[in-house]
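Peer 1: Taken in sequence, the protein lines are chains A and B. The opening position of the first sequence corresponds to residue 2 in our numbering, with each subsequent residue numbered one higher. The opening position of the second sequence corresponds to residue 849 in our numbering, with each subsequent residue numbered one higher.
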Amino acid sequence: MRANSILFWILAVFFALSAAGYTFWAWIYYDGKIEWVGTVALILSAILGVFLAFFLGRTAKGFGGVLPEDRLDANIDDGDPEIGHFSPWSWWPFFLGGAVGIMALGLAVGVWIAFIGVPILLVALVGWVYEYYRGYFAR
Amino acid sequence: MGCVTSTSISPNSAAPVVSRPNVVAVGTIVWLGSEVMFFAGLFAIYFTLRSTSPGLWGAETEKLNVSWALGNTIILVLSSVTCQFGVFAAERLQGRKTGGAFNLAKWGMAEWFLLSYALGAIFVCGQIVEYANLVHDGVAISSNAYGSAFYLTTGFHAMHVTGGLIAFLLTIGRAFAVKKFGHKEATTAIVVSYYWHFVDVVWIGLFLVIYILK
């Protein structure tokens, strides 16, 4: 995980230098004008790198240790821990996707169709979020 | 046997067991990274239009109510603070309050998130009032380049805030629906707070660019 963090720090530095170089180059090329699209995109790419590097670095420090996948002497089954709750199967994402599809169709064809999509979307969203809070598998 | 690649039958204790970082938290941060680039596109639109029509910007930014937006910004930043207190409650696995309604030290995640929800809702309402005033002054999304840039950037942000409000409600609902508030519910609260802080920071950036830099 430390290696992942360092990789993103390298990317952040690369994008910061690119942003400076690009801005300066465009400034010369366009006679003292800044080309904003590339400048903004490159600066925020650097911020993206800092953001991920900082979080991964903090996480690596927080759990204190080396992940099996970062060790040369680890086995496959060392990296097989409990990593959380995953639904074995669920119909709700299907309904959720269908509802969003109806809404998008409504925006494209006629807004009245979207009014049918919204209630289905609400039901599907609540059903998905609370699937494991009610019924046989309630926690 | 040198070329056999199946896993060993005898357990090897070379790699000590570590508690892995939360996959939901890491995944949320990576997704928020993609959101950074989404807003990068919007900022690029804003700055490009600003550089191509400086006269329009000079005239239209006069109509902005900076003090109103500043008050709105402070409300959104405060909601991030209350949201973080909700996370502290979730981390000690306390879903709901254990004391009186005004005993803040005994508040659980649900109460703090409800307060954050209220502050976020005030922010969105403030945005709507501001939009109404601007439309009254002739700044609409279709009136000129400034209107398009202004409503696209702040509008997409307001949609993100609204999404966060819905996430708050669903998270509070989980605190009430669950039999025993556990790590899964705490994870939900933590990742919703990541999203909320992210949206808050984006707003600070938008506020500085639109209302201070103009």
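Built from N, CA and C at the ideal position, the CB exists for glycine as well.
#1: In this structure, how does DSSP classify A/Y145 when only helix, strand and coil are distinguished?
#2: Of the residues B/T921, B/P869, B/Q942, which one's Cα is nearest the Cα of A/E83?
#3: By the criterion of Cβ-Cβ separation under 8 Å, what are the contact partners of B/A1037 in chain A?
#4: Under 8 Å between the Cβ atoms of B/E959 and B/W916?
#5: In angstroms, rounded to a whole number, what distance separates the CA positions of B/Y1059 and A/F138?
#6: Which of the residues in the stretch 76 to 107 of chain A, read from start to end, lie with their CB under 7 Å from any CB of chain B?
#7: Would the stretch 1033 to 1051 of chain B and the stretch 1004 to 1013 of chain B be scored as touching if the rule is three or more Cβ pairs under 8 Å?
#8: In whole angstroms, give me the CA-to-CA distance for B/N951 and B/I923.
#9: Runs of 4 residues minimum, wholly inside the stretch 863 to 947 of chain B: which ones carry the alpha helix (DSSP H) assignment?
#10: Is it true that the CB of A/S6 sits closer than 8 Å to the CB of A/L68?
#11: Could you tell me the alpha carbon to alpha carbon distance between B/N981 and B/K1028, rounded to whole angstroms?
#12: Given B/A1015, which residues of its chain have a CB within under 7 Å of its CB, disregarding the five upstream and five downstream residues?
#13: Can you grab the Cα-Cα spacing for the pair A/Y133 / A/P120, in whole Å?
#14: Which residues of chain A have a Cβ atom closer than 9 Å to the Cβ of B/G1021, listed in chain order?
#15: Going by C-alpha to C-alpha distance, which of A/F95, A/P94, A/F116, A/W93 sits closest to A/M104?
Peer 2: On the basis of the supplied data:
#1: What is shown of chain A runs 2 to 140, which leaves residue 145 of chain A out entirely.
#2: B/P869
#3: None at all; the shortest Cβ gap to chain A is about 13 Å.
#4: no
#5: 50 Å
#6: N76, I77, D78, D79, P82, I84, G85, H86
#7: yes
#8: 22 Å
#9: 871 to 900, 902 to 908, 914 to 939
#10: no
#11: 47 Å
#12: V1040, Y1043
#13: 21 Å
#14: V127, V130, Y131, Y134
#15: A/F116
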